[in-house]
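Residue numbers (our numbering), protein chains in the order written: chain A, 112 to 244; chain B, 91 to 240. Don't be surprised by glycine CBs; every beta carbon is placed ideally from N, CA and C.
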Amino acid sequence: MAEETRALQVREETRPARVERPRRVFAPAVDILETPEDILILADMPGVNQDNIEVTLEKNILTLRGTVQSHAPQGYDLDYAEYEGGDYERTFTLTEDIERDKIEASIKDGVLQVRLPKAGPARIRRIPVKAAA
Amino acid sequence: MIEPFVPWREIRRMEREMERMEREMDRLFETFFPRRRRFFEVEFPPMNVWTNPEGAVVTVELPGVNPEQIEVSVVGDTLTLRGKRVAEDLPEGARYQRRERFQGEFARSLQLPFSIDADHVEAQYENGILTITLPRAEADKPKRITVQAA
């Protein structure tokens, strides 16, 4: 199924959540896309805006962390709940080189988008095939 | 002592046993995957319902949806939410390595314990959270009846 173009792999870290935190921490649902030039991570973080999002890359560990401000309506009691308030955190290990200076992150409508451009060697190189003379 | 065989009682007992095992499984699952909850628990989008005597507020986790694509409608005591979450325009040659986020159309209805004043419903979308304020219809509010002394 997979073509041989997968030059970069993004592996999820299985480090346990920091349990000592007072608030619950959830792993946001993510989509990871790969193009020949970059890796794109989309993470659902409803309730997070640009002031309380943190994207860090330490060595090859990429951490996405979002803090949610409570949006509980004033003067109402919670009657029925399908989701719980809490923060988001998810960590990935990047197996190959990323152009660190060119990482871009943005958040819109509660969706974090991180673009990780591949560094030189990881990019797909097209090797021109010459016809034999 | 041998109890008489009563089929429904046996069934009830088996049910209880099943429930117990289910809880046990859930507990075990929680132990091993404490952070892995959100994706498969409830239908998309998850909602919370807040109430007071004057009405209700429904908050919905609905990240990445164009507010124009969200349709909120109210009939009697029922709130219906419809919409579509579409994939971002994929760049040329993009391939999914991982795909966990919900995509597609959704429709959910929620019945409240009172009639809604449809003319005063408000919906606001911010940071991927939809907040719908649903005031209780005036006619539905309890009336206090003064008890008169004879």
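Would you mind giving the Cβ-Cβ distance between residue i and residue j, rounded to the nearest angstrom? I have them listed as a contact below 8 Å.
i        : j        : result
B/Val155 : B/Gly173 : 6 Å
A/Gly197 : A/Val159 : A/Gly197 to A/Val159, Cβ: 11 Å. No contact.
A/Tyr187 : B/Thr141 : 6 Å
B/Arg113 : A/Asp142 : B/Arg113 to A/Asp142, Cβ: 33 Å. No contact.
B/Ala229 : B/Ser205 : 7 Å
B/Ala298 : B/Val164 : For residue 298 of chain B there is no data in the structure shown, the boundaries of chain B being 91 and 240.
A/Glu195 : B/Val132 : Not quite, the Cβ-Cβ distance comes to about 11 Å (not below 8 Å), so this is no contact.
A/Arg201 : A/Leu175 : 5 Å
A/Val166 : A/Ala216 : 5 Å
Please state if the CB of residue j and the CB of residue i are separated by a distance shorter than 8 Å.
i        : j        : result
A/Ile152 : A/Val222 : no
A/Pro228 : B/Ile219 : no
B/Arg185 : A/Leu144 : yes
B/Asn217 : A/Leu189 : no
A/Leu168 : A/Arg211 : yes
B/Pro225 : B/Gly145 : yes
A/Ile209 : A/Gln161 : no
A/Thr204 : A/Asn171 : yes
A/Thr146 : B/Gly183 : yes
List, in order along the chain, the chain B residues whose C-beta lies closer than 8 Å to that of residue i?
i        : result
A/Gly186 : Asn142
A/Leu175 : The contacting residues do not exist; A/Leu175 stays about 13 Å from chain B at best.
A/Asp190 : Val139, Trp140, Thr141 and Ala146
Against residue i, what residues of chain B qualify as contacts under a CB-to-CB distance less than 7 Å, listed in chain order?
i        : result
A/Pro249 : Nothing in the structure corresponds to residue 249 of chain A, since chain A is present only between 112 and 244.
A/Glu169 : Those within 7 Å of A/Glu169 in chain B number zero; the least Cβ separation is about 20 Å.
Using the beta-carbon of each residue, which ones in chain A are nearer than 9 Å to residue i?
i        : result
B/Leu152 : Pro157, Asp220 and Gly221
Give me the Cα-Cα distance between residue i and residue j, rounded to the nearest whole angstrom.
i        : j        : result
B/Pro181 : B/Thr223 : 38 Å
A/Asp155 : B/Leu152 : 9 Å
A/Ala138 : A/Tyr199 : 6 Å
B/Thr170 : B/Phe196 : 10 Å
B/Arg127 : A/Ser181 : Residue placement at B/Arg127 cannot be trusted, given a pLDDT of 48 that sits under 50; the coordinates are not used to answer.
A/Tyr191 : B/Pro135 : 14 Å
B/Glu190 : B/Thr168 : 30 Å
B/Glu105 : B/Leu118 : 20 Å
A/Val179 : A/Glu148 : 32 Å
A/Ile214 : A/Asp220 : 20 Å
A/Pro184 : A/Thr206 : 43 Å
B/Met108 : B/Pro97  : 16 Å
A/Glu240 : A/Gly177 : According to the sequence displayed, residue 240 of chain A carries Val and not Glu. In a straight line, the C-alpha of A/Val240 is about 48 Å away from that of A/Gly177.
A/Ile150 : A/Ile238 : 22 Å
B/Val150 : B/Lys231 : 25 Å
B/Arg99  : B/Pro203 : 34 Å
B/Thr236 : B/Gln201 : 31 Å
B/Phe192 : B/Asp179 : 15 Å
A/Ala140 : B/Asp116 : 20 Å
At a CB-CB cut-off below 7 Å, which residues of chain A make contact with residue i?
i        : result
B/Pro136 : Glu193 and Tyr194
B/Val132 : Glu193
So with CB distances below 8 Å, who are the chain A contacts of residue i?
i        : result
B/Thr236 : Those do not exist, as B/Thr236 stays about 27 Å from chain A at its closest Cβ, beyond 8 Å.
B/Leu180 : Leu144
B/Ile219 : Pro157, Gly158, His182 and Gly221
B/Val155 : Asp220
B/Thr170 : Those do not exist, as B/Thr170 stays about 16 Å from chain A at its closest Cβ, beyond 8 Å.
Kindly list, in the order they appear in chain B, the residues whose Cβ is closer than 9 Å to that of residue i.
i        : result
A/Leu205 : Per Cβ cutoff of 9 Å: no residues; A/Leu205 is ~12 Å from chain B at best.
| Below 8 Å, can you find three or more Cβ-Cβ pairs linking the segment 155-168 of chain B to the segment 199-219 of chain B? | Under the three-pair Cβ rule at 8 Å, the segment 155-168 of chain B counts as touching the segment 199-219 of chain B.
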